[in-house]
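Each remark here refers to the structure printed beneath this line.
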Amino acid sequence: MSNLSTFDIAGRAMAAQLVRLNTVASNLANAGAVAGSETGAFRALKPVFTTVYAGAAATVDVSSIERTGTPERRNDPKHPLADADGNIWIAAVDPNQELVEMVETSRQYANNVEVLTTAKALALDTLRMGR
Numbered sequence: 059m060s061n062l063s064t065f066d067i068a069g070r071a072m073a074a075q076l077v078r079l080n081t082v083a084s085n086l087a088n089a090g091a092v093a094g095s096e097t098g099a100f101r102a103l104k105p106v107f108t109t110v111y112a113g114a115a116a117t118v119d120v121s122s123i124e125r126t127g128t129p130e131r132r133n134d135p136k137h138p139l140a141d142a143d144g145n146i147w148i149a150a151v152d153p154n155q156e157l158v159e160m161v162e163t164s165r166q167y168a169n170n171v172e173v174l175t176t177a178k179a180l181a182l183d184t185l186r187m188g189r
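Just so we're aligned, residue 59 is where the sequence shown starts under our numbering, counting upward by one.
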């Protein structure tokens with residue numbers, strides 16, 4: 059990989075934050091979901107980031123998306139999805155944690171937008187100096 063520009067670095071970071079925001083949205087959409095088995099229960103999605111180096115520059119990339127958490131088992135024999143023992147499995151998602159993650163992700167995304175805006179303004183000012 060050749061050297062990365064400021065635009066490449068911020069763009070890749072924004073793409074990674076977009077993946078993170080999409081996983082948060084998926085987690086929130088499935089919070090409280092019920093399944094009839096532990097294996098069928100939803101587990102929170104978490105992106106795994108890796109650092110990508112290009113010469114002296116570094117940026118981030120999403121290497122994988124992992125499922126985390128252990129579903130909560132509840133005994134509710136009258137529930138239509140209950141297994142033979144009367145258990146249902148609640149999604150392993152903490153909505154409060156996901157909301158904090160969403161705020162943090164949106165702030166990091168906004169920071170990268172600001173980096174792009176500043177880099178663009180500096181590039182335009184540099185071009186104007188040459189006139």
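From the three backbone atoms N, C-alpha and C, an ideal C-beta is built for every residue, glycine too.
Tell me the residue span of the alpha helix (DSSP H) that contains residue i.
| i | result |
| --- | --- |
| Lys-178 | 153-187 |
| Leu-103 | Element bounds for Leu-103: not the alpha helix (DSSP H) but the beta strand (DSSP E), 102-112. |
| Asn-145 | Element bounds for Asn-145: not the alpha helix (DSSP H) but the beta strand (DSSP E), 145-148. |
| Asn-85 | 64-88 |
Excluding the five sequence neighbours on either side, which residues of its own chain have a C-beta within less than 7 Å of the C-beta of residue i, listed in chain order?
| i | result |
| --- | --- |
| Leu-103 | Thr-81, Ser-84, Asn-85, Ile-123 and Arg-125 |
| Asp-152 | none |
| Glu-159 | Val-82 |
| Gly-191 | Outside the displayed range of the chain (59 to 189) lies residue 191, so it cannot be described from this structure. |
Keeping to the same chain, check which residues put their C-beta closer than 6 Å to that of residue i; ignore five residues upstream and five downstream.
| i | result |
| --- | --- |
| Met-59 | With a pLDDT of 49 at Met-59, under the threshold of 50, the modelled position of this residue cannot be trusted; read the value that follows with caution. Taken in chain order, the residues that qualify are Ala-112. |
| Asp-66 | none |
| Ile-6 | No statement about residue 6 is possible, as the shown extent of the chain runs from 59 to 189 and does not include it. |
How would you label residue i, buried or exposed, when you count the other beta carbons within 10 angstroms and need 16 or more for buried?
| i | result |
| --- | --- |
| Phe-100 | buried |
| Arg-132 | exposed |
| Arg-186 | exposed |
| Glu-162 | exposed |
Using the DSSP secondary-structure output, state which residues sit across from residue i in a beta bridge.
| i | result |
| --- | --- |
| Ala-116 | Tyr-111 |
| Glu-124 | Lys-104 |
| Ala-140 | Per DSSP, none; premise fails for Ala-140. |
| Ala-93 | Trp-147 |
Got a sec? Which residues, its chain only, sit under 8 Å from residue i by beta carbon, not counting five neighbours each side?
| i | result |
| --- | --- |
| Ser-121 | Val-106, Phe-107 and Thr-108 |
Please look up how many angstroms separate the CB atoms of residue i and residue j, rounded, as I've assumed it's under 8 Å.
| i | j | result |
| --- | --- | --- |
| Asp-143 | Gly-94 | Not quite, the Cβ-Cβ distance comes to about 11 Å (not below 8 Å), so this is no contact. |
| Ala-150 | Thr-176 | With a Cβ gap of about 40 Å, Ala-150 and Thr-176 do not count as contacting. |
| Leu-76 | Ser-164 | The Cβ separation is near 11 Å, so there is no contact. |
Can you tell me where the beta strand (DSSP E) holding residue i begins and where it ends?
| i | result |
| --- | --- |
| Glu-130 | 130-133 |
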